[in-house]
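First to last, the protein sequences are chains A and B.
Numbering-wise, this note's numbering comes out as the position in the first sequence, counting from 1, plus 1.
Numbering-wise, this note's numbering comes out as the position in the second sequence, counting from 1, plus 115.
Each residue gets a CB set at the ideal place from its N, CA and C atoms; glycine is no exception.
For reference, the structure discussed in these notes is given below.
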Amino acid sequence: MATATQPAGSDRKLAGGVEPLRAGKGSSFLWRKLHSLSGVVPIGAFLLEHILSNFEALKGPAAYGAQVKFLNSLPLVRVLEIGLIFIPLAFHALYGVYIAMRGKGNVIYYPWAGNWMYMTQRWTGYVAFAYIIQHVIRQRFMGVSLPEHPGAAFAKVQMELSNPLMLAVYAVAMLAVCWHFSYGIWLFAAKWGITPGERARKRFGYVCLALGIGLAAMGLASLYAFVGPDYKNAPADVAPATSSLAVPSIETYAYVV
Amino acid sequence: MAEKTIQIEIKRQSSPDAAATWEKFELPWKPGMNVISAMMEIASNPVNAAGNETTPVAYDSNCLEEICGSCAMVINGKARMACSALIDKLEQPIRVQPLTKFPVVRDLAVDRSVLFENLKAVKAWVPVDGTYALGAGPRIFPQQQEVAYPLSNCISCTICMEVCPQFNDATGFVGAATIAQVKLFNAHPSGKVLKEERLRALAGDGGVQECGFAQNCVQACPKQLPLTEAISDVTRDVILQQVKDFLTV
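See the structure below:
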């Protein structure tokens, strides 16, 4: 380890170049690790819930409405929504952009697999960020309010996806998000020291690949449910399929009758 | 018959603040040439391809057998050791430039003292200095030696830092080499007395958290250090140390 270009202990200021480690100083470690963790829990967990819930669309408008109704009947649902979805998602997205902008991609000079994945994780992050902003505005805060009218969920999404451009946006975003999440899980395991060894990382890579493909397939299948021939021109509001848990309200009955 | 020659282009800079320019050279080919011997050839007859007299090229080198770590430079777009860059295996014209992430001193010589500063910041040593002999050190089992030896092969060439997308002015990332040395000295039975201090140092700004796991370091390392494995292991230790400190200190 011979790198001394001046006597050891001299406190000469480096002329330009990258700053040395600020040993033990600052709080970036905490923020960076929170960013990494928030991508898995709660955001990753929410993504799994979201893709599973959307999969109900394959059973038709009533089943889909029932799922939306069930989610909105969870205790403290607005607290859950803000505390476990909006705030972590906003933090993960904004801090993620900050991280991505500080990286200095060099995949042109070093076109290696890991380096491509590093870049792709940033590109898919940007795609997901842009998509989620419009998705939340248009599907959560515009049009029919689904917490009050869960039965209108299918028609609302179907209306959105009837535009071929929006369908393409959703399909691309679905792939980008599944990619970002599954590689994010792999990165989490590698960076938190869960899979340090090369072979462990490779094995876990196959697990993440399978997870990513599975989620993307489920997501795309759900998109198909809205645009395919099975449930064309779904009614604007349906009585959500009943279960022992969810009894249709007077309000939703009114739409059917 | 015309003699066989080689074409080499070198990015030159006469002082740290001077503008950089590319200078072309045409040199007589010799068997077994490498980039360093090509520059020795220039020094012996400092005339560029245009026939003008020029100055010999400044560069760092020492052992010429890829063990001292001095002669890292960017050759045909890739950071590598110049002494093991054989001319016959390179596409011509060979383009040689200094490492891009370190201040240029002159021509191909750069100031890599940031690595030395980083190694000092994490106390990458075994603290055994004292006023009396401490006797024989603890026994190190072969299984431990097999983990430590590859990490001890680091030659401080800084190539892992040069190729890292996260090692830049914005992040001030410490780089893979320093993190690997933390693993090495934390694993040493005497060196581990400073383990907690090293782990706390690496949680500072520019520490392990800045790694983006692009894995360029492990691809480019001329000594094949298991750098990504070291980063993974050390980051786990840093996290555990932070949690422990949060709960107990």
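| message | Taking the straight line between their C-alpha atoms, what separation do you get for L142 (chain B) and I123 (chain B)? | response | Within the second sequence, the letter at position 27 stands for residue 142 (chain B). Within the second sequence, the letter at position 8 stands for residue 123 (chain B). Whole-angstrom Cα-Cα distance: 8 angstroms.
| Taking Cβ-Cβ distances shorter than 7 angstroms, what residues in chain B pair up with R103 (chain A)? | In the first sequence, the residue the question calls residue 103 (chain A) occupies position 102. Per Cβ cutoff of 7 angstroms: A285, T286.
| For the stretch 19–47 of chain A, which residues have a beta carbon sitting closer than 7 angstroms to at least one beta carbon of chain B? | V19, E20, P21, L22, R23, A24, G25, K26, G27, S29, F30, R33, K34
| message | Within 7 angstroms of any Cβ in chain B, is that where the Cβ of S11 (chain A) sits? | response | In the first sequence, counting from the first residue as 1, residue 11 (chain A) sits at position 10. Reliability fails at S11 (chain A), whose pLDDT of 46 lies under 50, so the model's placement of it is uncertain and the value that follows must be treated cautiously. Closer than 7 angstroms: no.
| request: Name the one or two DSSP bridge partners that L201 (chain B) has. | output: For the purposes of this step, residue 201 (chain B) is taken as residue 86 along the second sequence, with counting starting at 1. DSSP lists B:N149 as partners of L201 (chain B).
| Boundaries of the beta strand (DSSP E) in which R315 (chain B) is found, first to last residue | For this step, residue 315 (chain B) is matched to residue 200 along the second sequence. Counting along the chain, R315 (chain B) falls outside any beta strand (DSSP E), though it belongs to the alpha helix (DSSP H) covering 310–316.
| said: Let me check understanding here. Comparing Cα to Cα, which of B:G321, B:Q357, B:S305, B:K359 lies closest to S29 (chain A)? | reply: Start at 1 with the first residue of the first sequence, and residue 29 (chain A) comes out as number 28. Of the listed residues, the one whose Cα sits closest to S29 (chain A) is B:G321.
| message | Just to confirm my understanding: we take E312 (chain B), look at its own chain, exclude 5 residues before and 5 after, and list those with CB closer than 7 angstroms. What are they? | response | Translated into the one-based positions of the second sequence, residue 312 (chain B) becomes position 197. Once the five neighbours on either side are set aside, the close Cβ partners of E312 (chain B) are K238.
| Residues bridged to V237 (chain B) by DSSP? | Here residue 237 (chain B) is taken as the residue at index 122 of the second sequence, counted from 1. None; V237 (chain B) has no bridge partner.
| Quick one: which chain A residues come within Cβ less than 8 angstroms of C326 (chain B)? | One-based indexing of the second sequence puts residue 326 (chain B) at position 211. Those within 8 angstroms of C326 (chain B) in chain A are K192.
| message | Would T350 (chain B) pass as an interface residue toward chain A - the criterion being a Cβ-Cβ separation below 7 angstroms? | response | Position 235 of the second sequence holds residue 350 (chain B). So yes, T350 (chain B) belongs to the interface.
| field | Nearest-angstrom Cβ-Cβ length linking Y96 (chain A) and H36 (chain A), presumed shorter than 8 angstroms | value | One-based indexing of the first sequence puts residue 96 (chain A) at position 95. One-based indexing of the first sequence puts residue 36 (chain A) at position 35. Rounded, the Cβ-Cβ distance is 5 angstroms, consistent with contact.
| field | Enclosing alpha helix (DSSP H) for A191 (chain A) [first to last residue] | value | Position 190 of the first sequence holds residue 191 (chain A). Looking at the DSSP string, the run of the alpha helix (DSSP H) that includes A191 (chain A) is 165–192.
| request: Alpha carbon to alpha carbon, how far is N268 (chain B) from K216 (chain B)? Give it in angstroms, no decimals. | output: As a working mapping, residue 216 (chain B) is identified with position 101 in the second sequence. As a working mapping, residue 268 (chain B) is identified with position 153 in the second sequence. Rounded to the nearest angstrom, the two C-alpha atoms are 23 angstroms apart.
| Are the C-beta of G337 (chain A) and some C-beta of chain B separated by less than 7 angstroms? | There is simply no residue 337 (chain A) to check, as chain A begins at 2 and stops at 258 in what is shown.
| message | With H, G and I counted as helix, E and B as strand and the rest as coil, what does DSSP make of A329 (chain B)? | response | Translated into the one-based positions of the second sequence, residue 329 (chain B) becomes position 214. In this structure, A329 (chain B) counts as coil in the three-state DSSP scheme.
| message | I'd like to know if D320 (chain B) contacts chain C, where contact means its C-beta is closer than 7 angstroms to some C-beta of that chain. | response | Of the chains in the structure shown, none is chain C; the protein chains are A and B.
| request: Please work out which residues of its chain come closer than 8 angstroms, Cβ to Cβ, to L75 (chain A), disregarding the five sequence neighbours upstream and downstream, and give them in chain order. | output: On the first sequence, residue 75 (chain A) is found 74 positions in, with the first residue counted as 1. These residues qualify, in order along the chain: L81.
| task | Using 10 angstroms around the beta-carbon of N167 (chain B), count the other beta-carbons present and answer buried if the total reaches 16, otherwise exposed. | result | Locating residue 167 (chain B) in the second sequence gives position 52, counting from the first residue. So N167 (chain B) counts as exposed.
| said: On the CB-based measure, 16 or more other CB atoms within 10 Å of its CB, does G215 (chain A) come out buried or exposed? | reply: Taking the first residue of the first sequence as 1, we reach residue 215 (chain A) at position 214. That one is exposed.
| request: Please list the partners that P112 (chain A) has in chain B, where partner means a Cβ-to-Cβ separation under 7 angstroms. | output: For this step, residue 112 (chain A) is matched to residue 111 along the first sequence. Chain B residues near P112 (chain A): none, gap ~10 angstroms exceeds 7 angstroms.
| According to DSSP, is I83 (chain A) helix, strand or coil? | Locating residue 83 (chain A) in the first sequence gives position 82, where the first residue counts as 1. If DSSP states are grouped into helix, strand and coil, I83 (chain A) belongs with the helices.
| Along chain A, in chain order, which residues have C-beta atoms closer than 8 angstroms to that of V229 (chain B)? | Position 114 of the second sequence, counted from the first residue, corresponds to residue 229 (chain B). Within 8 angstroms Cβ-Cβ: L15, G18, V19, E20, P21.
| task | Please check if any C-beta of chain A sits within less than 7 angstroms of the C-beta of R195 (chain B). | result | Here residue 195 (chain B) refers to the residue found at position 80 when the second sequence is read from its first residue. Not an interface residue.
| field | Inside the stretch 35–95 of chain A only - alpha helix (DSSP H) runs reaching at least 4 residues | value | 44–56, 62–73, 78–81
| request: Report yes if the C-beta distance between C186 (chain B) and A194 (chain B) is below 7 angstroms; otherwise report no. | output: Taking the second sequence and counting its residues from 1, the one referred to as residue 186 (chain B) is at position 71. Taking the second sequence and counting its residues from 1, the one referred to as residue 194 (chain B) is at position 79. Not in contact: C186 (chain B) and A194 (chain B) (Cβ atoms no closer than 7 angstroms).
| Any beta-carbon of chain A closer than 7 angstroms to the one on E206 (chain B)? | One-based indexing of the second sequence puts residue 206 (chain B) at position 91. No, its Cβ sits nowhere closer than 7 angstroms to a Cβ of chain A.
| request: With 7 angstroms as the threshold, decide whether the Cβ of N233 (chain B) is near any Cβ in chain A. | output: Taking the second sequence and counting its residues from 1, the one referred to as residue 233 (chain B) is at position 118. Cβ-Cβ to chain A under 7 angstroms: yes for N233 (chain B).
| Among the residues of its own chain, which have a CB less than 7 angstroms from the CB of M1 (chain A), if the five just before and after it don't count? | The structure shown does not extend to residue 1 (chain A), since chain A is modelled only from 2 through 258, so no value can be given for it.
| query | Since R123 (chain A) and A94 (chain A) are thought to touch, with beta carbons under 8 angstroms apart, how far apart are those beta carbons, to the nearest angstrom? | reply | The residue you call residue 123 (chain A) lines up with position 122 of the first sequence. The residue you call residue 94 (chain A) lines up with position 93 of the first sequence. Their Cβ separation, rounded to whole angstroms, is 12 angstroms, which puts R123 (chain A) and A94 (chain A) out of contact at 8 angstroms.
| said: Can you give me the C-alpha to C-alpha distance between Y1 (chain A) and I138 (chain A), rounded to a whole angstrom? | reply: The displayed coordinates of chain A run from 2 to 258. Any statement about residue 1 (chain A) would go beyond what the structure contains.
| query | Is K157 (chain A) helix, strand or coil when you go by DSSP? | reply | By one-based count along the first sequence, residue 157 (chain A) stands at place 156. Note: K157 (chain A) maps to helix in three-state DSSP.
| message | At a CB distance below 7 angstroms, what residues from the stretch 116–136 of chain A approach chain B? Give them in sequence order. | response | N116, Y119
| query | By DSSP, does I100 (chain A) sit in helix, in strand, or in coil? | reply | Counting from one through the first sequence, the residue named residue 100 (chain A) turns up at place 99. The answer is helix: DSSP assigns I100 (chain A) an H, G or I state.
| request: Could you tell me if Q128 (chain B) is buried or exposed, where buried requires 16 or more neighbouring beta carbons within 10 angstroms of its beta carbon? | output: Counting from 1 along the second sequence, the entry for residue 128 (chain B) is found at position 13. With 16 or more other Cβ atoms within 10 Å, it is buried.
| message | DSSP has P143 (chain B) in a bridge; who is on the other side? | response | As a working note, residue 143 (chain B) is residue 28 in the second sequence. Paired residue(s): B:T120.
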